[in-house]
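Chemist: Chains as they are written, first to last, in our numbering: chain A, 51 to 284; chain B, 4 to 293; chain C, 21 to 404; chain D, 6 to 332; chain E, 47 to 282.
We treat Cβ as the ideally placed atom computed from N, Cα and C, and that holds for glycine.
Note that the structure is predicted; figures quoted are calculated from it, not measured.
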Ligand SMILES: Nc1ncnc2c1ncn2[C@@H]1O[C@H](COP(=O)(O)OP(=O)(O)OP(=O)(O)O)[C@@H](O)[C@H]1O
Ligand SMILES: Nc1ncnc2c1ncn2[C@@H]1O[C@H](COP(=O)(O)OP(=O)(O)OP(=O)(O)O)[C@@H](O)[C@H]1O
Ligand SMILES: [Mg+2]
Ligand SMILES: [Mg+2]
């Protein structure tokens, strides 16, 4: 579904990703790990058209999408759920969610998806008229995830979904990912603090200093002491 | 006394509708881009000069045609100006101040170009509707009625658009978080340019409507900028509803202060009310979208 | 060296551009004529313009330093030049300086040090005297006032307040009641609240003194929606060309005045008529306030230079102008001991009425007398 | 203090060194000396503006207003109370500084364009106030202005505007002093506190920075210096009117900042010399002058967003700021 | 040292903090946990004077309710924010200097700033602008700037969020050193139970602004109410 070849990404002159190549098949759950600040978010953003300076090819269902803007990619079914949430502060929870279904492809399913995310996160339904800026850290995280789910994506890139979530909701996130994956959505997650997600992963990648330093199944990863200690410990 | 007060209220309403017309465009552009457009007044004059050219060079005096012809010109101009001048600055940390500066430069350029092209003397346009309505002791120029209807109608329509349409919502989204807007698939660059263009059209057509009442001069836009700025801040930068209320409150204030204390007190009173309001409510009357 | 430099500090940008343009037309015309006739003392005149912008004090000073200090011009011809600031700035130098300030404050500054400011000449009388003249004419109109109530509306500038205060005193002295004396800022274009009061007062005279077309046209139009039985006296506000240009016959009935003015449409003397025709031929419109005064300033200086025989002898030239005066198109120009061209004699103030869309001189003053065969017409909005 | 301070004060000394010897070349040409004095005046006013807007991030548009307040205050104080001009100038600084604090107070709660408006309101109201009854009562001369102001006088020596060189050096001294004060503020912890408040007020206050105090201090300091320079101006030019409040001066100051670079401190000084000189050179073009000026502002903002000083910094970087991925 | 008594904060209809009382002893590492939206961050905001509230907060016996934030900082209460805040216009070193210069009554001490820089491992990055630092470094910087004020008490808001196991371990190490070596009392909000049980000597759990239980961390984490509303069955 996604063939990424020699992807390089830059912020001005700052070279973040260096020749990253990854293949993602339809229906997979991919987990990416790596130390802080080594380019994981940049990688997800690059796929989703949110980094302005990239080189390399990204093929999505056979078509090269490298360099296309996010407004096109969202319509094609590629959605990013941001690490720092990027909500619309002066809009209500409900309006934020509706905007999640902004793309043409998602619009017809707005009502259905809304019901779905409200079922997943009852807190959001309860607070549907609260302004996003006044939500607590964890509530805002739920809203960001829910807004991403509204987009009816085929490929979801989720960046650190557990950031700021309470423990039982972290389990919940793993369950949600499993659930949407079952519905046929391909998921790529950057997440280091939910062991269950690593359990779910079809494949694991480790990104270090802008390069892929490990690729393999979770069993292979668990066999790798170094990895186990650093990323899979908690 | 009663007759007088009604007369003053009528003046206040006329002021209010004129102010509302001046301010919406600024509210929109500030609300979306947080960019302060110093050339706003110059676009106002541009509307007037466009109409004047169509009227005197092409000898067309149907306002309908004048609007039809000038709107696309203003739209394209606004769009291009945003793309070429403002968009490149938005990437910078200090873009707010840079946008102020570049639009100030633009204002200087435009206003003085008008002077070179059209001369320093004011230009006048024929009245959109001659005559006036007389109800008992009161008189209302048709011209003012037209301005009232168009400005209120336009603003309400515009507010409806922002609050109830998807496109409107996307404009607000970009205003609040451009990065977030990008993530949900809103073409933010286009939204920025489009709002700038629409704001230009709004102030430009406002310029046409008011030109037939107040004439066009090369530097007449400054007045408009300051008034629009006061109204926008008073109502809450970015709030259409706020601007509408503010326009009428200030319009009434102006009429009553002018009538009771004299015209020189109007400006002082205007700012006194503004300052008091901002001291109590730093975000203006409304202070957010809607 | 066969050119004589002439400094011309005028507003070329900003809000005063239009008046600057009026003066320039007169000055340019005079210089061109002198040059065409072989120049002054055989030398060509060269005008050097300086943009005084908005007459900020340092800008006025800078103009003087540039023209007189740096370029060492031999005369300076300005129009509105700073209402007193100019006297101080140019008075530091010696080149004859002609201004059209029309303001008492300029005269006051002059009086502080008449010795040093010997080179300063005012081309028009002060606002106070002009207002006096307006009052005289208002009282001499062949018209029966229905009551003795007046309304005065002036701009908040030095000129407006000078005129307003003088008129007010005069009205009071004559037993009139000034029912309203309103000072308004420039940019006032909605007159509702003021008109509301005026309609209640129903005055016999409304005097408006705001030298800016937008304000006075909007006032007139809004007044006309429900006019009162009032003579509308516009004083010097009648001069911006757009007032009559924009309104045409709509403006019929308005009255106003111009000091040091060439009466139109018919000039008082054949020479004056010839001048008027020349002006009209070059600029394609009748002279505006100040054009003729500025023209005459150049000519007066040129005449003095011819008489002295050396353009560098500034002091002698100035003394010559001050004592001998100059014979112009309508007769003699004589400056008084304050170097002010006082209204009267051969250079009176012309009082106009708009008739058939044209400014028609109906009175000259002082002495107050009807001009030729032109007659005051009772404005159409007055119920007989 | 640190390297930065050294570098910048050296730069300042070079700039003022060059300015200081100008009278050797132009001392006999009053016109040019006058322009140089005005350059010095505007350079201080623009630097103050830069301090409050560029560094502290407070969009104050009241700079011209405080200048005018200072100039009127000095003229009135020296005339009414027969205070020697040099003291009147200092008192004028206090008057302006006090009003600066008054204006700063309501601005504390406000943001961006709101502050711009409130401060610009001071500018707008000033004209009717100075011209109106209130103004006349305190001696502004109403719409006539003040046409006679005592010339500067120090220790019995009376300055004379027909010999501008002493005036130049007096202003030069003021400009040097003001500039070093401004530099000291910018490079001190206060300067950093302004930046911190601009970036994240919440975090800054939780680190002990008092937003209230420091914002008021910038208002007070910038309006004090500006007012004092205004006072100098009044005695130098010898007359005052509200016409300074026209848009021309405001725009000129803004152009100075564009050319010099916002938040690039000595930039405003360089900017003022370039802008004023340019304005003079373009002056013969009449109506085309502001058009060219406007076009230049546009081009400069786009091509040279950090002004002259920004350009210099780009050409001669302080230090290679290497950045690496490895933590 | 810090005494919270009957503190209540309402946002319109919503009661974010509801009649909360507890005491933090000198030298303690005090943990606060609870579901999302329980009012933890709001509590910090109240202590640091960002919002008005009802009730009383005493620091070293002195009522600090109504004090402005900068005064509270000077008294010795420092904090970090849940969403990292930095000063993009300043360098790392200057950000810390701000804390040291303004946040403490003691003389400004460049050597102390250097010490902190080394302590949080930012010494090599001291001249970098803070805007583009990576998440972990931003958090470190916040801690460092807070330490710059020479606080008596340091309040951390989810310092571990977004870090991997190794990073968490080193952060825990750091916090221990701040507490033990520098003698600074610590309050920490976290969602990682392991962190809390290991670090803290007392743990407070709140839900919808109300205290559920408070006490020894090991007891608290096995409390059934806590497990039900917060930890879930499979908690770490
Ligand atoms: N907009 C930007 N401009 C410049 N540099 C950036 C930008 N965003 C990120 N960086 C830098 O790029 C590098 C990689 O950042 P990225 O966010 O991709 O890392 P990450 O692996 O997701 O780390 P984290 O665990 O912090 O989320 C970091 O050094 C960061 O400082
Ligand atoms: N300004 C505000 N206006 C309205 N509600 C608010 C405001 N600030 C916070 N809230 C609400 O108050 C509650 C407490 O918020 P707080 O940020 O303290 O939660 P928290 O315990 O820190 O949660 P998390 O673990 O998710 O960060 C939340 O439900 C939040 O939505
Ligand atoms: Mg990341
Ligand atoms: Mg929180």
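Scan the stretch 182-205 of chain A for residues whose Cβ lies nearer than 8 angstroms to a Cβ of chain E and list them as they occur along the chain.
Modeler: 184, 185, 186, 187, 188, 189, 191 and 192
Chemist: Between residue 226 of chain E and ligand 2, is there a pair consisting of the residue's CB and a ligand heavy atom that are separated by less than 7 angstroms?
Modeler: no
Chemist: Residues of chain E with CB closer than 7 angstroms to the CB of residue 203 of chain D, please, in chain order.
Modeler: 135
Chemist: Which of the three DSSP states is assigned to residue 39 of chain B in this structure?
Modeler: coil
Chemist: Could you confirm whether any beta carbon from chain A is found closer than 8 angstroms to the beta carbon of residue 83 of chain E?
Modeler: yes
Chemist: Quick one: does the C-beta of residue 278 of chain B sit closer than 7 angstroms to a heavy atom of ligand 2?
Modeler: Residue 278 of chain B Cβ: outside cutoff for every heavy atom of ligand 2.
Chemist: Confirm, please, whether the CB-CB distance from residue 234 of chain E to residue 194 of chain E is below 8 angstroms.
Modeler: no
Chemist: Check the Cβ-Cβ distances between residue 325 of chain D and every residue of chain E, and say whether any is below 8 angstroms.
Modeler: Residue placement at residue 325 of chain D is flagged as unreliable, the pLDDT there being 43, under the threshold of 50; the coordinate-derived value follows with that caveat. Closer than 8 angstroms: no.
Chemist: Please list, in chain order, the chain A residues whose beta carbon lies closer than 8 angstroms to that of residue 146 of chain E.
Modeler: Within 8 angstroms Cβ-Cβ: nothing; residue 146 of chain E doesn't reach chain A, min ~26 angstroms.
Chemist: For residue 88 of chain A versus residue 260 of chain A, is the C-beta distance shorter than 8 angstroms?
Modeler: yes
Chemist: Have a look at residue 48 of chain E and residue 126 of chain E and give me their C-alpha separation to the nearest angstrom.
Modeler: 17 angstroms
Chemist: Hey, which residues come within less than 5 angstroms of ligand 2, measuring from Cβ to any heavy atom, in chain order?
Modeler: Cβ atoms closer than 5 angstroms to ligand 2 belong to A:184, A:185, A:186, A:187, A:188, E:57, E:62, E:82, E:83, E:84, E:85, E:86, E:87 and E:88.
Chemist: For a test of your reading of the model: does the CB of residue 147 of chain B fall under 7 angstroms from any non-hydrogen atom of ligand 4? Yes or no.
Modeler: no
Chemist: Answer yes or no: does any C-beta atom of chain C fall closer than 8 angstroms to that of residue 217 of chain B?
Modeler: yes
Chemist: Quick check: the Cα distance between residue 96 of chain A and residue 175 of chain B, rounded to an integer number of angstroms?
Modeler: Answer to the nearest angstrom: the Cα atoms are 25 angstroms apart.
Chemist: Please confirm whether residue 63 of chain C has its beta-carbon closer than 8 angstroms to some beta-carbon of chain D.
Modeler: no
Chemist: Quick check: what's the CA-CA separation for residue 199 of chain D versus residue 176 of chain E?
Modeler: 16 angstroms
Chemist: I'd like to confirm something about residue 184 of chain E: is its beta-carbon nearer than 7 angstroms to some heavy atom of ligand 3, or not?
Modeler: No, since every heavy atom of ligand 3 falls outside the 7 angstroms radius drawn around the Cβ of residue 184 of chain E.
Chemist: If contact means a Cβ-Cβ distance below 9 angstroms, which residues of the stretch 55-75 of chain E contact chain A?
Modeler: 57, 60 and 62
Chemist: With respect to 7 angstroms, is the separation between the Cβ of residue 131 of chain E and the closest non-hydrogen atom of ligand 4 below this value?
Modeler: no
Chemist: Would DSSP call residue 142 of chain C helix, strand or coil?
Modeler: strand
Chemist: What does residue 144 of chain B touch in chain C if you count any residue whose Cβ is under 7 angstroms from its own?
Modeler: 245
Chemist: When the Cα of residue 112 of chain B is compared with those of D:304, D:74 and D:250, which residue comes out closest?
Modeler: D:304
Chemist: Quick one: is residue 331 of chain C buried, meaning 16 or more other Cβ sit within 10 Å of its Cβ, or exposed?
Modeler: buried
Chemist: Between residue 293 of chain B and chain D, is any beta-carbon pair separated by less than 8 angstroms?
Modeler: Confidence is the limiting factor: at residue 293 of chain B the pLDDT is only 44, short of 50, which leaves the residue's position unreliable and the question unanswerable from this model.
Chemist: When you measure from the CB of residue 91 of chain A to every non-hydrogen atom of ligand 1, does any distance come out below 7 angstroms?
Modeler: yes
Chemist: Output, in chain order, the set of chain D residues within a Cβ distance shorter than 9 angstroms of residue 95 of chain B.
Modeler: Within 9 angstroms Cβ-Cβ: 310.
Chemist: Name the residues in the stretch 116-148 of chain B whose C-beta lies less than 9 angstroms from a C-beta of chain D; which are they?
Modeler: 116, 118, 119 and 123
Chemist: Starting from residue 133 of chain D, find everything on chain B with Cβ-Cβ shorter than 7 angstroms and list it in chain order.
Modeler: 267, 270 and 271
Chemist: Kindly indicate which residue of C:355, C:43, C:61 and C:26 has the alpha-carbon position closest to the one of residue 327 of chain C.
Modeler: C:61
Chemist: Taking CB distances under 8 angstroms as the criterion, tell me whether residue 149 of chain E reaches chain D.
Modeler: yes
Chemist: Count the other C-beta atoms from every protein chain shown that fall within 10 angstroms of the C-beta of residue 276 of chain A, then say buried if there are 16 or more, exposed otherwise.
Modeler: exposed
Chemist: Rounded to the nearest angstrom, what separates residue 65 of chain A and residue 247 of chain B at their Cα positions?
Modeler: Annotation: residue 65 of chain A to residue 247 of chain B spans about 50 angstroms, alpha carbon to alpha carbon.
Chemist: May I have the straight-line CA-CA distance separating residue 234 of chain D from residue 99 of chain D, to the nearest angstrom?
Modeler: It is roughly 12 angstroms from the alpha-carbon of residue 234 of chain D to the alpha-carbon of residue 99 of chain D.
Chemist: Keeping to the same chain, check which residues put their C-beta closer than 7 angstroms to that of residue 375 of chain C; ignore five residues upstream and five downstream.
Modeler: Counting only Cβ-Cβ distances below 7 angstroms, and skipping sequence neighbours, we find 272 and 397.
Chemist: Take every Cβ of the stretch 307-323 of chain D, pair it with every Cβ of the stretch 187-205 of chain E, and state whether three or more of those distances are shorter than 8 angstroms.
Modeler: no
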